[in-house]
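In my numbering, the protein residues as written are 132 to 452.
Given below as structure tokens:
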């Protein structure tokens, strides 16, 4: 957003492939090599600082009490780097080239053990965690690639293209947490499906803000076009009928992913992590149901405290029974 506690985009929402065309996510066990992004000329890098956003801004647990105390600091170190990268990608005062440079700087510090990284202490802190826990830096590097993509890409043409973005912006978060707990890579397909649901529900929740503040549209253009909608409708106070139809079409595509995601708790050996993942699956299900009913342009589409409490209790019961 973790079990996974957050995902890369959109205030780091919660968290932790299409079989044929039925809507099952076509995510490989490992992301393909990231496509190249525009080159930038090297210039001096200013210190990299984060905004005041914190865990209270999130929709889902970030290293909650369900995660063991030994793993929690490593999750928070990961969170701090991703929080910083999110701030860089969304900085309204930066053009794409300096955004790319700052994000690539974080990636470089992560992978160069002798780089003191005085301008990127978050990357240094996570690098030490990765070395201590013997975890690959690729999960964090994939997420940083997603933020680089956000700096230069504002539209997604198809559902498959959006799912490919989720391979970098969401799936690596859950994979990191699973690796931290010593879980097998066989858990990745269900994890990737869960993370994609969390990411896309977040896109639907925040579709107005993403468009108005950053001119980003995560609703695939082909789905919009199929229903007679267009991105300009996201500026309205309430969703016109074509936009509502496109939103519902996206929600319907999430159910096969949720079905796959529900297998994840059964596959996880670590008991506390299994509890948290079960809660996350329950929250994702409740959020998907809510997005069937509400108009994110007209009302707050996030779960209220009663919905959150109910989903958490149900998730824990499913983990036990």
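Yeah, the Cβ is synthetic: ideal placement off N, Cα and C, and Gly gets one too.
Own chain residues within Cβ distance below 8 Å of residue i, not counting five before or after
i: residue 422; result: 332, 335, 336, 378, 382 and 432
i: residue 380; result: 354, 357 and 358
i: residue 428; result: 338, 339, 365, 367, 368, 369, 370 and 374
i: residue 267; result: 261 and 310
i: residue 419; result: 328, 332, 382, 385, 386 and 389
i: residue 434; result: 190, 414, 417, 418, 421 and 442
Whole-Å CB distance - residue i paired with residue j, under 8 Å assumed
i: residue 237; j: residue 254; result: 5 Å
i: residue 299; j: residue 261; result: That belief does not hold up - the Cβ atoms of residue 299 and residue 261 are roughly 18 Å apart, past 8 Å.
i: residue 297; j: residue 330; result: 5 Å
i: residue 314; j: residue 401; result: 7 Å
i: residue 216; j: residue 241; result: 11 Å between Cβ atoms; not a contact.
i: residue 362; j: residue 282; result: No, residue 362 and residue 282 are not in contact; Cβ-Cβ is about 19 Å, not under 8 Å.
i: residue 446; j: residue 399; result: Contact flag wrong, Cβ pair sits at about 13 Å.
Residue i: first and last residue of the uninterrupted alpha helix (DSSP H) it sits in
i: residue 441; result: 436 to 451
i: residue 238; result: 227 to 242
i: residue 383; result: 372 to 392
i: residue 327; result: 319 to 336
i: residue 252; result: 252 to 264
i: residue 356; result: 352 to 357
i: residue 294; result: 290 to 300
Own chain, CB closer than 6 Å to residue i, minus 5 neighbours either side, in chain order
i: residue 176; result: Low confidence applies to residue 176: its pLDDT is 44, below 50, so where it sits in the model is not reliable enough to give any reading.
i: residue 341; result: 347
i: residue 439; result: none
i: residue 303; result: 270, 273 and 274
i: residue 160; result: Below a pLDDT of 50, predicted positions are generally treated as unreliable, and residue 160, at 40, falls in that range; the measurement from the model is reported next regardless. Excluding positions up to five away in sequence, the list reads 319.
i: residue 278; result: 216, 220 and 234
i: residue 391; result: 321 and 324
Coarse secondary structure for residue i, derived from DSSP in three states
i: residue 198; result: coil
i: residue 309; result: helix
i: residue 425; result: coil
i: residue 189; result: Because the pLDDT at residue 189 is just 47, under 50, the model does not fix this residue reliably, and the value given afterwards should be weighed accordingly. Note: residue 189 maps to coil in three-state DSSP.
i: residue 400; result: coil
i: residue 432; result: coil
i: residue 347; result: coil
i: residue 203; result: helix
i: residue 285; result: coil
i: residue 224; result: coil
i: residue 420; result: helix
i: residue 407; result: helix
i: residue 276; result: helix
i: residue 456; result: The structure shown does not extend to residue 456, since the chain is modelled only from 132 to 452, so the question has no answer here.
i: residue 218; result: helix
i: residue 316; result: helix
Contacting residues, own chain, Cβ-Cβ under 7 Å from residue i (five flanking each side not counted)
i: residue 264; result: 205 and 311
i: residue 289; result: 351 and 353
i: residue 416; result: 389
i: residue 208; result: 256, 257 and 260
i: residue 202; result: 311 and 312
i: residue 426; result: 369, 370 and 375
Between the segment 240 to 250 and the segment 343 to 352, can you find at least three pairs of beta-carbon atoms closer than 8 Å? The segment 343 to 352 makes no contact with the segment 240 to 250, as fewer than three CB pairs between them are under 8 Å.
Contact the segment 312 to 328 vs the segment 398 to 418: 3+ CB pairs below 8 Å: Taking 8 Å as the limit for Cβ pairs, the verdict is that the segment 398 to 418 does touch the segment 312 to 328.
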